[in-house]
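For the sequence shown, UniProt numbering begins at 1 and goes up steadily by one.
Note that the Cβ used here is the ideal one computed from N, Cα and C, for glycine as well.
A quick note: this is a predicted structure, and the numbers were derived from the prediction, not measured.
To start, the structure itself, in structure tokens.
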Amino acid sequence: MDPSKQCLICVPLTAKTVKKMLFQLELAKESGADVAELRVDLISGFDAAADLPVLLKDKPLPVIVTPRAKWEGGEYKGSEESRQDILRMAYDLGADYIDVELKVAGGFIQELRSRGKDSTTKIIVSNHNWDFTPSDEEIHATIEQMWATGGDIVKYVTTAQDITDVAQVFHFLSESKGPTIGLAMGPAGMISRLLAPKFGGYLTFGALCKGQESAPGQPTVQDLIEVYRVKSMDRDTMVYGVIGKPVYHSKGPVLHNKGFEELNLNKVYVPLLVDDFNKFMNVFNRPDFHGFSVTIPYKEDALKLCDRVENAAKIIGAVNTVVRETTGEYQGYNTDCEGALSAIEKGLRHSGLANNDETPLKGKLFVVIGAGGAGKALAYGAKERHARVVVANRNYERAKALAESVGGKAIELDQLSDFRPETGMILANSTSIGMEPEVTRSPIHKDALSAYALVFDAVYTPKQTQLLKDAAEMGAVTVSGEEMFYGQAFAQFRYFTDLPAPESAMRDVISKPAAAKKGKLRAPVSAQCSIGTYSRGRMISTRLGFDKLLQRGLYPNSAQFGMLMDKSQVQLVNLAFRC
Ligand code: NAP
1 MDPSKQCLIC VPLTAKTVKK MLFQLELAKE SGADVAELRV DLISGFDAAA DLPVLLKDKP
61 LPVIVTPRAK WEGGEYKGSE ESRQDILRMA YDLGADYIDV ELKVAGGFIQ ELRSRGKDST
121 TKIIVSNHNW DFTPSDEEIH ATIEQMWATG GDIVKYVTTA QDITDVAQVF HFLSESKGPT
181 IGLAMGPAGM ISRLLAPKFG GYLTFGALCK GQESAPGQPT VQDLIEVYRV KSMDRDTMVY
241 GVIGKPVYHS KGPVLHNKGF EELNLNKVYV PLLVDDFNKF MNVFNRPDFH GFSVTIPYKE
301 DALKLCDRVE NAAKIIGAVN TVVRETTGEY QGYNTDCEGA LSAIEKGLRH SGLANNDETP
361 LKGKLFVVIG AGGAGKALAY GAKERHARVV VANRNYERAK ALAESVGGKA IELDQLSDFR
421 PETGMILANS TSIGMEPEVT RSPIHKDALS AYALVFDAVY TPKQTQLLKD AAEMGAVTVS
481 GEEMFYGQAF AQFRYFTDLP APESAMRDVI SKPAAAKKGK LRAPVSAQCS IGTYSRGRMI
541 STRLGFDKLL QRGLYPNSAQ FGMLMDKSQV QLVNLAFRC
């Protein structure tokens with residue numbers, strides 16, 4: 001990729017004092033960002049004449065100076081005249097960029113240029129809509145006004161009320177006639193930040209760490225670089241994602257992106273917070289949005305929307321994987337079934353309960369607790385593998401319907417603890433009983449577990465549920481829901497890429513995140529600095545290159561150095577140290 005066209009990663013610095021902002025600037029450099037935005041309106045008692053030269057001297061990164069006006073969503077408390085003086089001063093001192101709001105940009109830029117002073121400072125003309133995303137026509141008209149001010153870069157920021165609003169942002173970025181920053185704020189706008197490089201965005205913002213965001217919906221720099229690999233993203237990058245509501249807790253992006261990285265594929269997997277499934281699928285039905293994982297509450301909607309659905313998914317009544325064909329048609333699959341059943345079969349084989357050459361579940365009594373989406377997948381998969389299926393569910397009618405559909409038997413949930421027709425049975429919990437926060441609950445009495453050879457729990461938070469702990473104590477082989485999670489994701493990966501998932505790398509990124517990241521932090525490490533007692537008495541050491549700050553006399557001793565950090569910064573320093 002042409003480096004001059006690469007989308008820059010900018011960290012907005014939100015510190016309340018100049019010293020803390022200088023510290024953040026060093027951290028921003030270490031984090032791998034390309035630019036830092038100095039939000040000087042957030043510094044209390046900011047004195048431009050005294051503070052700007054300090055901030056701009058020997059800066060480790062190019063900076064944008066932004067004294068954001070209150071009327072544009074910022075916090076600058078002084079007069080408009082003094083605010084514009086900050087911008088003039090930053091321009092004269094050679095800041096790399098200054099950010100001027102559209103409302104005042106016309107006159108201000110003309111005046112700056114008419115002074116005839118040479119400056120390398122680039123002027124960003126910005127416009128923020130904190131409520132919604134206007135129509136394409138309105139956006140286009142505003143952007144034309146912004147270019148007419150004579151600025152060098154246009155920054156148009158909207159608020160996404162729905163993820164489909166982001167399509168408009170992608171549209172104006174793709175059509176831009178000069179360097180353009182385009183973002184949609186809010187949780188629904190997240191993909192505008194993650195995919196900005198793909199659509200030609202000049203820059204995208206990433207917070208230094210969680211808690212340091214300057215706008216709603218901002219990812220961290222670390223996520224942008226390490227999870228979403230925005231530095232290697234380009235217009236040809238194929239997009240995949242997990243559709244759900246909620247969705248930001250999903251481990252899918254970390255898992256699938258690791259797989260793409262491992263196989264060197266120009267693909268990215270993003271979280272898609274969707275309010276209206278059909279609307280999303282229609283608006284983003286485009287060749288570069290190629291595949292989706294579908295989670296709660298849209299698995300049935302996905303089944304209805306797909307043009308073609310594999311038989312198993314039809315019978316289960318849920319689609320959790322959608323692939324867009326080149327014709328624009330959607331093909332649906334269910335990998336929950338494959339994920340759960342292969343995990344159970346593997347558990348049987350590894351524990352010597354089945355030989356490699358036989359169908360391990362054939363003839364076994366397979367008890368499913370629950371009759372929802374996961375229950376249906378388990379019951380269907382067990383029947384396909386020639387097990388005898390029994391379904392127990394709180395709502396007995398649902399248990400009966402499911403049992404009938406797989407030629408099995410239904411029992412009441414409260415019969416389960418006395419249900420011991422034989423030994424060596426398989427038990428699979430597909431209810432949410434035992435899931436965080438109710439981690440001490442189990443769907444079945446411990447004593448009843450002696451009749452089971454293997455117990456599987458679809459719940460994977462926590463990994464070791466009460467049911468699995470009880471089962472292990474009663475001598476059963478246990479299989480965690482995490483195995484189902486991996487299994488369904490690996491099967492999805494194959495549908496997305498036609499390649500086998502690099503399983504061990506993908507597992508490691510979830511189970512050993514620190515080890516997986518090892519060596520990735522770009523710390524030049526020029527000084528070792530022990531920082532004094534801070535954050536509940538823990539001693540923190542860091543190898544970050546803070547010597548520059550120390551040389552400047554900003555942090556004359558370690559105790560003071562520690563005092564200057566926020567809790568979130570301490571986390572970042574700890575992270576840097578771990579890596
Ligand atoms: P679902 O369609 O909503 O079904 C929920 C099932 O749990 C229903 O049978 C429901 O019974 C039962 N249930 C819920 N609360 C209960 C309670 N307090 N007491 C007794 N029964 C209760 O949900 P789902 O998609 O099947 O998911 C179920 C569980 O599986 C969740 O914990 C989910 O996280 C997990 N899961 C894990 C994976 C994985 O990869 N490991 C994948 C999918 C799902 P009623 O019919 O009586 O309402």
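Check: S432 C-beta below 7 Å from any heavy atom of ligand 1: The residue labelled residue 432 in the question sits at position 432 within the sequence shown. Yes, Cβ of S432 sits closer than 7 Å to a heavy atom of ligand 1.
Ligand 1 heavy atom lying under 7 Å from the CB of Y460: Counting from 1 along the sequence shown, the entry for residue 460 is found at position 460. True, at least one ligand heavy atom lies under 7 Å from that Cβ.
A476 CB to nearest heavy atom of ligand 1 below 7 Å: For this step, residue 476 is matched to residue 476 along the sequence shown. No, since every heavy atom of ligand 1 falls outside the 7 Å radius drawn around the Cβ of A476.
Segment contact, 8 Å Cβ cut-off, at least three pairs: the segment 483 to 494 with the segment 239 to 259: Yes, the segment 483 to 494 is in contact with the segment 239 to 259.
Expected contact under 8 Å - CB spacing of D96 and T121 to nearest Å: Sequence index remark: in the sequence shown, residue 96 carries index 96 (1-based). Sequence index remark: in the sequence shown, residue 121 carries index 121 (1-based). Contact between D96 and T121 holds: their C-beta atoms lie close to 7 Å from each other, under 8 Å.
Closer than 7 Å: F456 CB and nearest ligand 1 heavy atom: By one-based count along the sequence shown, residue 456 stands at place 456. Flag unset: Cβ of F456 not near ligand 1.
Buried versus exposed call for T465 [16 or more other C-beta atoms within 10 Å across all chains shown]: Along the sequence shown, one-based indexing puts residue 465 at 465. T465 is buried by the Cβ-count criterion.
Every unbroken beta strand (DSSP E) inside the segment 109 to 144 [3 residues or more]: Within the segment 109 to 144, the beta strand (DSSP E) runs of at least 3 residues that lie entirely inside it are, in chain order, 122 to 128.
Contact test: M484 Cβ vs ligand 1 heavy atom, cutoff 7 Å: As a working mapping, residue 484 is identified with position 484 in the sequence shown. Relative to the non-hydrogen atoms of ligand 1, the Cβ of M484 comes within a distance shorter than 7 Å of at least one.
Within 8 Å, strictly: CB atoms of I153 and L272: Here residue 153 refers to the residue found at position 153 when the sequence shown is read from its first residue. Here residue 272 refers to the residue found at position 272 when the sequence shown is read from its first residue. Not closer than 8 Å, so no.
Distance, G211 Cα to I9 Cα: Here the question's residue 9 lines up with position 9 in the sequence shown. Here the question's residue 211 lines up with position 211 in the sequence shown. Approximately 18 Å between the Cα atoms of the pair.
V166, DSSP secondary structure in three states: As a working note, residue 166 is residue 166 in the sequence shown. V166 sits in a helix when the DSSP states are folded into three classes.
Within 8 Å, strictly: CB atoms of A453 and N429: Reading the sequence shown from its first residue, position 453 is the one you call residue 453. Reading the sequence shown from its first residue, position 429 is the one you call residue 429. No, Cβ-Cβ distance for A453 and N429 is not below 8 Å.
Ligand 1 heavy atom lying under 7 Å from the CB of A387: As a position in the sequence shown, residue 387 is number 387, starting the count at 1. The answer is no for A387.
Y396 (DSSP reduced to helix, strand or coil): Numbered from 1 along the sequence shown, position 396 holds the residue referred to as residue 396. The DSSP-derived three-state label of Y396 is helix.
Beta-carbon gap between S232 and G200 smaller than 8 Å: Numbered from 1 along the sequence shown, position 232 holds the residue referred to as residue 232. Numbered from 1 along the sequence shown, position 200 holds the residue referred to as residue 200. Not a contact, by the Cβ cut-off of 8 Å.
Residue from Y333, E338, V322, P297 with nearest C-alpha to K314: Position 314 of the sequence shown, counting from 1, holds the residue named residue 314. When only C-alpha atoms are compared, the closest one is Y333.
Contact check, G363 vs Y298, beta carbons under 8 Å: On the sequence shown, position 363 is the one that residue 363 refers to. On the sequence shown, position 298 is the one that residue 298 refers to. Taking a C-beta distance under 8 Å as the contact criterion, G363 and Y298 do not qualify as a contact pair.
Contacts around A476, its chain only, beta-carbon distance under 7 Å, and the 5 residues preceding and following it disregarded: Within the sequence shown, the letter at position 476 stands for residue 476. Within the same chain, and ignoring the five residues on either side of A476 in sequence, the residues whose Cβ sits closer than 7 Å to its Cβ are L449, Y452, A453, L454, V455.
Under 8 Å between C-beta atoms of S417 and I444: Looking up residue 417 in the sequence shown gives position 417. Looking up residue 444 in the sequence shown gives position 444. Cβ atoms of S417 and I444: closer than 8 Å.
Beta-carbon contacts of K16 that lie in its chain and below 7 Å, excluding the five residues immediately before and after: For the purposes of this step, residue 16 is identified with residue 16 of the sequence shown, where counting begins at 1. Taken in chain order, the residues that qualify are L42, I43, S44.
First through last residue of the alpha helix (DSSP H) which encompasses A472: Here the question's residue 472 lines up with position 472 in the sequence shown. Unbroken alpha helix (DSSP H) run through A472: 466 to 473.
Which of helix, strand or coil DSSP assigns to Q222: Against the sequence shown, residue 222 aligns to sequence position 222. Looking at Q222 - three-state DSSP - the assignment turns out to be helix.
Coil, strand or helix - Q331 by DSSP: Locating residue 331 in the sequence shown gives position 331, where the first residue counts as 1. Strand, per DSSP.
T180 versus A472 - alpha carbon distance: Within the sequence shown, the letter at position 180 stands for residue 180. Within the sequence shown, the letter at position 472 stands for residue 472. In this structure, the alpha-carbon of T180 lies about 58 Å from that of A472.
Coil, strand or helix - K548 by DSSP: Your numbering for residue 548 matches position 548 in the sequence shown. Any reading at K548 must be qualified, since the residue scores a pLDDT of 49, below 50, and its modelled position is unreliable; the value itself is stated next. Three-state DSSP puts K548 in a helix.
Close beta carbons around A207, own chain, < 8 Å, minus the five adjacent residues each side: Sequence index remark: in the sequence shown, residue 207 carries index 207 (1-based). For A207, same chain residues with a beta-carbon under 8 Å away, outside a window of 5 residues either side, are V11, P12, E213, S214, Q218, P219, T220, V221 in chain order.
Cα-Cα separation, R229 to G407: For the purposes of this step, residue 229 is taken as residue 229 along the sequence shown, with counting starting at 1. For the purposes of this step, residue 407 is taken as residue 407 along the sequence shown, with counting starting at 1. Roughly 48 Å separates the two Cα atoms.
Three or more C-beta pairs below 8 Å linking the segment 158 to 171 and the segment 125 to 133: The segment 158 to 171 vs the segment 125 to 133: in contact.
CA-to-CA distance, V157 to G116, given in whole angstroms: Locating residue 116 in the sequence shown gives position 116, counting from the first residue. Locating residue 157 in the sequence shown gives position 157, counting from the first residue. Rounded to the nearest angstrom, the two C-alpha atoms are 31 Å apart.
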